[in-house]
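Student: FYI, in mature numbering (1 follows the signal peptide of the UniProt record, and there is no 0) the residues of the sequence shown are -25 to -1, 1 to 281.
Yeah, the Cβ is synthetic: ideal placement off N, Cα and C, and Gly gets one too.
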Amino acid sequence: MQFSPLSPAAIALSLPLLLLGHVSAAGATCETVTTNLLSNPSFESGEVSPWSVIDGTGTIISDTSDGGEYALQVYGTTYFGVEQAVTGLTVGETYTLSFDYKLISSTLSGSWLCEFFIETAYGTAVAEATTSYSSTDPTWYTLSASWTATSASCEFIMWAYCPTGVSHRPYIGFDNAQFLSQETVCSSSSSATPTPTTQALSVSSSASGLPSTSSSLPSSSPSSTVVTSTSASGLSSSAVFTLSTSSSAISSAGVSAISSASVSSAVSTNKLALFISKRFASSVRACLFIQPITFFFLYSQSFAVL
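Pasting the structure below:
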């Protein structure tokens, strides 16, 4: 863009361009949430409910050896256990099932074997373990398994099978039952942080004969200001276009921000200067033409008088 060198003033067009900064967004944060679908899984309520004892008698006992304050002690026949209904399952989802068990006491001398099972329905075992016992064993053991749901509900059954005979029935402890569901939960947050960067676009031209003027033009947005200024300068036949910016290059959007009103103002100023200079030149030519005639007329009149 160039302006004809029509005035002695240097026309400076300054346009601060406000460039909004980037918007920074925090990345999504994901975590795995584990939920135990069983109620009162460690019997810390001090009650058996909502569990149901199968083929035996259940009693809450004080036991801190497996975490917590309580455990469930069951005394029963050859087969006995405890169960709880589980609902809200997702078909096809895999769950982690487990419970802790130990032999509390028995009147049987020597050693014998007990078997333990996890079942999701009567007769449907998903895990089993065989443990050798003597009359007492203070050790807690854990039985666990992964199981994929085939319906929206099932039974969680902790079974014990100890063929010791009626007169030597053992007391078995159950604790820390788990029916775990895992879900991945993601959350994201973002915040816009404007980072202002000011860029200035300057246009100057110089010629002869134009007095100093200045004007201000409104910006297209509240965050930027457009200023057009002219100042008196010596004669120059060139127009200088200066671009200064805080970054290495100005975007095309920044250049397009030069308003048509600013350019129109500069062109109007040049037209005014041309008009004045033409009028001034005409006056000078008229004076140069009339002065000799006037001098000749006065000179001839002086001779006539003589």
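Contact between the region 21 to 36 and the region 52 to 59: three or more CB pairs below 8 Å?
Tutor: Taking 8 Å as the limit for Cβ pairs, the verdict is that the region 52 to 59 does touch the region 21 to 36.
Student: Tell me the residue span of the beta strand (DSSP E) that contains residue 151.
Tutor: Start and end: 146 to 162.
Student: For the region 88 to 107 and the region 122 to 141, state whether three or more C-beta atom pairs, one from each stretch, are separated by less than 8 Å.
Tutor: Because the criterion of three Cβ pairs below 8 Å is met, the region 88 to 107 and the region 122 to 141 touch.
Student: Does the beta-carbon distance from residue 150 to residue 60 come in below 8 Å?
Tutor: Against a cut-off of 8 Å, the Cβ pair of residue 60 and residue 150 comes out as no contact.
Student: Determine contact between the region 120 to 131 and the region 57 to 76, defined as no fewer than three beta-carbon pairs at a distance below 8 Å.
Tutor: The region 120 to 131, when compared against the region 57 to 76, does touch it at the 8 Å Cβ threshold.
Student: Over the uninterrupted beta strand (DSSP E) stretch that includes residue 13, give me the two end residues.
Tutor: Element bounds for residue 13: n/a, residue is neither H nor E.
Student: What residues match up with residue 327 in a beta bridge as DSSP calls it?
Tutor: Nothing in the structure corresponds to residue 327, since the chain is present only between -25 and 281.
Student: Does DSSP put residue 50 in a helix, a strand or coil?
Tutor: Residue 50 falls in the strand class under three-state DSSP.
Student: Within this structure, are the beta carbons of residue 64 and residue 139 separated by less than 8 Å?
Tutor: Result no, Cβ atoms of residue 64 and residue 139 do not sit closer than 8 Å.
Student: Would you mind working out which of 153, 21, 103 sits nearest residue 131, comparing C-alpha positions?
Tutor: Nearest option by C-alpha distance: 153.
Student: Would you report the Cα separation of residue 157 and residue 98, rounded to the nearest angstrom?
Tutor: Each residue's alpha carbon lies about 26 Å from the other.
Student: Could you check the C-alpha separation between residue 115 and residue 147 for me, to the nearest Å?
Tutor: If I take the Cα positions, the gap works out to 11 Å.
Student: Can you name, in chain order, every residue of its own chain whose Cβ lies under 6 Å from the Cβ of residue 107, other than the five neighbours on each side?
Tutor: Around residue 107: 86, 88.
Student: Beta-carbon within less than 6 Å of residue 102's beta-carbon, same chain only, minus the 5 sequence neighbours each way: which residues are those?
Tutor: Around residue 102: 93, 118, 120.
Student: Closest to residue 78 by C-alpha separation, out of 48, 100, 66, would be which residue?
Tutor: Of 48, 100, 66, the residue nearest in Cα terms is 48.
Student: Going by beta carbon distance, what residues of the same chain come within less than 7 Å of residue 96, once the five residues before and after it are set aside?
Tutor: Excluding positions up to five away in sequence, the list reads 129, 130.
Student: What are the boundary residues of the beta strand (DSSP E) that residue 33 is part of?
Tutor: Residues 27 to 37.
Student: Taking C-alpha atoms, which residue in 125, 74, 4 lies nearest to residue 17?
Tutor: Checking every option, the nearest Cα to that of residue 17 belongs to 74.
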